[in-house]
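Peer 1:
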Amino acid sequence: MCSVYTFNNNRYLSPAILDKLLIQNNLDNHTSILGYSVENRPILLSSFGFGKRKVLLWSQMHGNESTTTRALIQLFSDLTLKKSSLLNDLSIKVIYQLNPDGSDKYSRFNANGVDLNRDAIKRTQPESKLLISLFNEFKPHFCINLHDQRSIYAAGNPTLSALISFLAPSFDKSKSINEIRKKAMSMIGLLYKSIKPDKTWSVGRYNDGFNINCFGDYFMSQNTPTILIEAGHHPNDFGRNLVVDEIYKCLLNFLNLFAYEVQIKLKTDVYFSIPENQDYLRDLEIINIKCSQGLSNKLFIQFHEYLKQNKIYFYPKIEKESNKKLYGNRIIDFSKFTSKSFDLQENNQKILEKLELFLDFGLFLNE
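Offset between the sequence shown (1-based) and the numbering used here: plus 990.
1) Any idea which residues DSSP pairs residue 1318 with across the strands?
2) Name the one or two DSSP bridge partners that residue 1296 has.
3) Taking DSSP as the reference, what is the three-state secondary structure of residue 1194?
4) State the start and end residues of the unbroken beta strand (DSSP E) segment that holds residue 1084.
5) How many Å lie between residue 1354 and residue 1347 at the Cα?
6) Please go through the same chain and pick out, in chain order, the residues whose beta-carbon is closer than 7 Å to the beta-carbon of residue 1174, but skip the five residues on each side of it.
7) If we call anything under 9 Å between Cβ atoms a contact, is residue 1110 one with residue 1240?
8) Return the Cβ separation of residue 1234 and residue 1057 in integer angstroms, given the expectation that the two are a contact with Cβ distance under 8 Å.
9) Go to residue 1171, then tell me how far its alpha helix (DSSP H) extends in each direction, as first and last residue.
10) Which residues in the same chain as residue 1070 place their Cβ atom closer than 8 Å to its Cβ, once the five residues preceding and following it in sequence are excluded?
11) So who's on the other strand from residue 1157, going by DSSP bridges?
12) Going by C-alpha distance, which of 1176, 1131, 1123, 1268 is nearest residue 1044?
13) Taking the alpha carbon of residue 1318 as the point to measure from, which residue in 1276, 1033, 1201 has its own alpha carbon closest?
14) Flag this pair as yes or no: are the beta carbons of residue 1274 and residue 1320 separated by less than 9 Å?
15) Between residue 946 and residue 1154, what straight-line distance do the alpha-carbon atoms span, to the nearest angstrom?
16) Just how far apart, CA to CA, sit residue 1114 and residue 1344?
17) Please state if the CB of residue 1091 and the CB of residue 1001 are separated by a distance shorter than 9 Å.
18) Taking 9 Å as the cut-off, decide whether the C-beta atoms of residue 1026 and residue 1148 are in contact.
19) Spatial neighbours of residue 1101 within its chain, please: CB distance less than 6 Å, with the 5 preceding and 5 following residues excluded, ordered by chain position.
20) Report the residue from 1195, 1141, 1300, 1244 whose alpha carbon sits nearest the alpha carbon of residue 1292.
21) By Cβ distance, which residues of its chain are closer than 8 Å to residue 1139, with the 5 residues on each side in sequence left out?
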């Protein structure tokens, strides 16, 4: 049986951990209970500022997507500590964890097995109803929908991981562009130009296929500019600490642009110049494997996650290249470890067990 791996990381952010972080960062005084989840966990809402321009941000509507929550906590801790003038110009509502039940279980879904980001119209879940009620009562001028994306996405160069991805959601099936959507696109264009990727990562744009059941699409249809921001993966950072910093800077830049009413020309050219995400990448590409059948000399490994005793464990799964060209976030030259021949027609489990005689996959998670 192949091994599983863990390491000290902050990917698991349960409601209990969130409570501690809010207290440690002096945000608990800004926080109240918006309502309760299916399992009666409190859904916390922080309020900042008294300005006329209103912003609504929410994170962890998928419970296993915690990176942007960490960025929100750091950002608003700093803004309140420094008594930023932004808080004089803006009224901000922040839901750190819309899905506390899923966050506790490290699950995309809520306690009823529902994807909250497909529940904007039916509103079958208490968490969805709370977000809609807050939206209707607060009447934000701009919404920011925060998520994590998988490590499979590249943008532009198929070998470069998309560390941050954006979307200005559609509001109809025709993907029309009205003034509201242009505002979101133009803002994304400004944010994109402010990001400085190095040679190891890129910035991507999601496909804008319309789904009215998604909250971003629904809020756009209600004439509120909405931006999706997704925190991605860096090949050397499974803990996603680097992207926390980049999301922090991106959100701070957004708040400054919006607070000081920077004159945004409603243009879409920069937005559409952002390369679209493609699922070209896998976590590891193992090359130069000696094969007894003379087949492909490469294999791809993708790590999958699960929660056990409040720790995130990663287990490797093999993906063999088929019709789609794949690339590795990290490349391992297997010839440096052994010249032994492998039977790549064996089942993937047996191949993994043999690879692990020579490779410690945990080393690649900890670097």
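In this text, a Cβ means the ideal position worked out from N, Cα and C, and glycines have one as well.
Peer 2: Answer, in terms of the structure:
1) 1272
2) 1303
3) strand
4) 1080-1085
5) 15 Å
6) 1158, 1215, 1216, 1217
7) no
8) 6 Å
9) 1169-1184
10) 1016, 1017, 1020, 1038, 1077
11) 1218
12) 1131
13) 1276
14) yes
15) As displayed, the chain neither begins before 991 nor continues past 1357, which places residue 946 out of reach and without an answer.
16) 47 Å
17) no
18) no
19) 1028, 1029, 1091
20) 1141
21) 1152, 1155, 1220, 1221, 1222, 1223, 1267
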